[in-house]
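There are 2 protein chains.
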Amino acid sequence: MNISLFASPLPQAVRVNEVVTRDGFQSEDRFVPTTDKVAMIDRLSNLGLHKIEVTSFVSPKAIPNLSDAAEVMQQITRNPAVTYVALIPNEKGAARAVESQVDEVNLVMSLSEDHNLSNMRMTCAESLAQFERIVQQLSGTGIRINGSLATSFGCPFAGLQPQQKALDMVARYLDSGIETITIADTTGMAGPKQVFELCHDLRQRYPSVDFTLHLHNTRGMGLANVMAGLAAGIDQYDASLGGLGGCPYAPGATGNICTEDLVQMIETLAVDTHVDLNGLVELSRTLPALVGHETPGQVSKAGLCDETRPLSANLQALKEAKLSPHPI
Amino acid sequence: MNISLFASPLPQAVRVNEVVTRDGFQSEDRFVPTTDKVAMIDRLSNLGLHKIEVTSFVSPKAIPNLSDAAEVMQQITRNPAVTYVALIPNEKGAARAVESQVDEVNLVMSLSEDHNLSNMRMTCAESLAQFERIVQQLSGTGIRINGSLATSFGCPFAGLQPQQKALDMVARYLDSGIETITIADTTGMAGPKQVFELCHDLRQRYPSVDFTLHLHNTRGMGLANVMAGLAAGIDQYDASLGGLGGCPYAPGATGNICTEDLVQMIETLAVDTHVDLNGLVELSRTLPALVGHETPGQVSKAGLCDETRPLSANLQALKEAKLSPHPI
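Below you can see the structure in the form of structure tokens.
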């Protein structure tokens, strides 16, 4: 086969970042006990993931399920091969992240003014000014700074976002001292063409910047959008174990793309993830007991692509009777 | 943008075939009343779909939910622009299809011997011999004959299937008088690379044969596999409204790809489907009441990609206060 699905060669390997204990647990009604969070992160730490977004240093009133952020950070056993990340909404969160000695902080702003107001109660200008103060605050701590651009493709209030606006905002992020950037389809509004076009332009303009795609499966296009990201040369993806992390404004709709479904698909493309897929599936199957409901992920229910089961005894007998060269 | 996601140009338009009343309803526990089936097909008939697989002329004992096949075929109002299809498992089914004056029959065999034994209680050789008899039986009736090749990519008993085996079987189908062919990933085991490679080879070998892809979302790769099919030039897809049609061996796992999710994604690629997406979503939202449970489709819950909602009054006031050039 000389012809390929994609116009460009795929990345040789893909890095997978796990967000279940932050993006997944934050929207759960039931509080996940600190020991269970720590146990989950410790198991995730040995599965070959690139980053683990452990928690968020946010107000416990805003997100009660992450009120134990410092305890979780303190109690986990760190694997030096993994980058442990905390999301921070403001300078107070940054100070807590320093105390907890996270490897990396994740700053978030929305490309859409309306969504930023809704999510952060700040204008985009206020968010950017805060980013610059946090960059100063963290200077010399050795903590890496990632910036997430939420609603990069579409906003539930303001609709689909023009590509130029996202390109301009990425330039502002880099100017403010943010080192690596996550492009987020926060409410799953993008299609593969839009994902490809923005990612392709970003890769062309900033060949040495490390970009991550954070995709949601809200409209079923999550893994199709991963295909588009891969085609554009993006080699780092956020995902949530079991696909945990609902879509708050659309009951029943799913949120984050599912880590084990993502890894399964990338493996079928013969691209390395270095992730232990069986380990992920096993761990994902413990989630329903923790959160009290089924998860949207598929591979944990259906099994891996190459998993088989035996024919029943009846069918085996039928097969032998019909296919034996000398039927008795 | 000069560069494209795909190596080859996409089809200009895609034909969408609806299978919900056959593949969807057949696995439901609750009997869907005949009048509800007829009403659903009549609404589907006006939404721009290419084919509707209405029912299956199968033993009522085997599939009680389709025991009203003849009544449904008789009571629907046919739109001349739509091809009305019935699945038939044998010559008796073919005779019933003739009586009901279907436009097309769909013959099914599995590429995997084990799956064919499990599904049809026949060897592949027995199925092929039967196909030839049915082709004779239908000769001169004007009924078109489509052949579906189930488990074309993988079998839950025998595992992933070699591409050459599928290519060989397509040749046998065409030799037996079957006119158009559906390549089915019956239990959702294929990844995009495998889908692309088989479809690409089929398109090269048989440029004038009309192929359909029948994909399942069992492992979350359904729409990613559509991307692969499009890249290979396949312009016809089966799908089920709401994603109805479970996976009998994997509780909780989804079955068919969801029609409205498929159409939404194809529209984001700027490829025509000629399908009324709003009409599909509206109809899909009537399914939970008919079948007594939520459906796996996403767009019916989340809304279309370009659907927006207003900011709350509080947020609107905050926005005005923060962004007004002359705050009061």
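Line by line, the protein sequences give chains B and A. The end of the first sequence is residue 328 by full-length UniProt numbering, with every number in the run present. The end of the second sequence is residue 328 by full-length UniProt numbering, with every number in the run present. The beta-carbon is built from N, C-alpha and C at its ideal position, and this holds for glycine as well.
Assign residue 2 (chain B) to buried or exposed, taking buried as 16 or more other Cβ atoms, counted over all protein chains shown, within 10 Å of its Cβ. Here residue 2 (chain B) scores only 49 on pLDDT, less than 50, and its place in the model should not be relied on; the value that follows carries that caveat. Exposed, by the Cβ-count rule.
DSSP-derived helix/strand/coil call for residue 133 (chain B): helix
Residues in its own chain within less than 7 Å of residue 194 (chain B) by CB, not counting five upstream and five downstream? 153
Classify residue 228 (chain A) as helix, strand or coil using the three-state DSSP reduction. helix
Please list the segments of the beta strand (DSSP E) lying wholly inside the region 96-147 of chain A, counting only runs of 3 or more residues, in order along the chain. 104-110
Segments of 4+ residues assigned as alpha helix (DSSP H) that fall wholly inside the region 152-193 of chain B: 163-175
Does the beta-carbon of residue 11 (chain A) have 16 or more other beta-carbons within 10 angstroms, so that it is buried, or is it exposed? buried
Run through the DSSP bridge pairs and tell me what residue 258 (chain A) is partnered with. A:240
Taking the DSSP output, what are the residues bridged to residue 84 (chain B)? B:52
So is residue 156 (chain A) in contact with chain B if we call contact Cβ pairs under 8 Å? yes
Length of the line joining the Cα atoms of residue 64 (chain A) and residue 56 (chain A): 11 Å
Beta-bridge partners of residue 18 (chain A), as assigned by DSSP: A:52, A:239
How is residue 306 (chain A) classed by DSSP in three states: helix, strand or coil? coil
Would you identify the three-state DSSP class for residue 321 (chain A), choosing helix, strand or coil? helix
Given that a residue counts as buried once 16 or more other Cβ atoms are within 10 Å of its Cβ, and exposed if not, what is residue 264 (chain B)? buried
Cβ of residue 299 (chain A) within 8 Å of any chain B Cβ: yes
Do you know how far the Cα of residue 186 (chain A) is from the Cα of residue 215 (chain A)? 7 Å
Per DSSP, residue 213 (chain B) is paired with what? B:183, B:237
Compute the Euclidean distance between the alpha carbons of residue 144 (chain A) and residue 209 (chain A), then round it to the nearest angstrom. 14 Å
Where the alpha helix (DSSP H) through residue 219 (chain B) begins and ends: Taken as a continuous stretch (DSSP letters only), residue 219 (chain B) belongs to no alpha helix (DSSP H), as it is neither H nor E.
Residue 280 (chain A) versus residue 74 (chain B) - alpha carbon distance: 50 Å
Could you confirm whether any beta carbon from chain B is found closer than 8 Å to the beta carbon of residue 127 (chain A)? no
Per-residue contacts from residue 121 (chain B) into chain A (C-beta, under 8 Å): 318
Measuring CB atoms only, is the region 96-104 of chain B touching the region 36-44 of chain B, in the sense that at least three cross pairs come out at less than 8 Å? no
On the three-pair Cβ rule with 8 Å, is the region 216-226 of chain B touching the region 217-229 of chain A? yes
Just confirm the distance between the C-beta atoms of residue 24 (chain A) and residue 302 (chain B), as a whole number of angstroms; I'd bet it's less than 8 Å. Incorrect: roughly 18 Å between the Cβ atoms, too far for contact.
Who are residue 272 (chain B)'s beta bridge partners in DSSP? B:13
Compute every distance between the C-beta of residue 277 (chain B) and the non-hydrogen atoms of the ligand MG, then say whether any falls below 7 Å. The ligand MG is absent from the structure shown, which contains no ligands of any kind.
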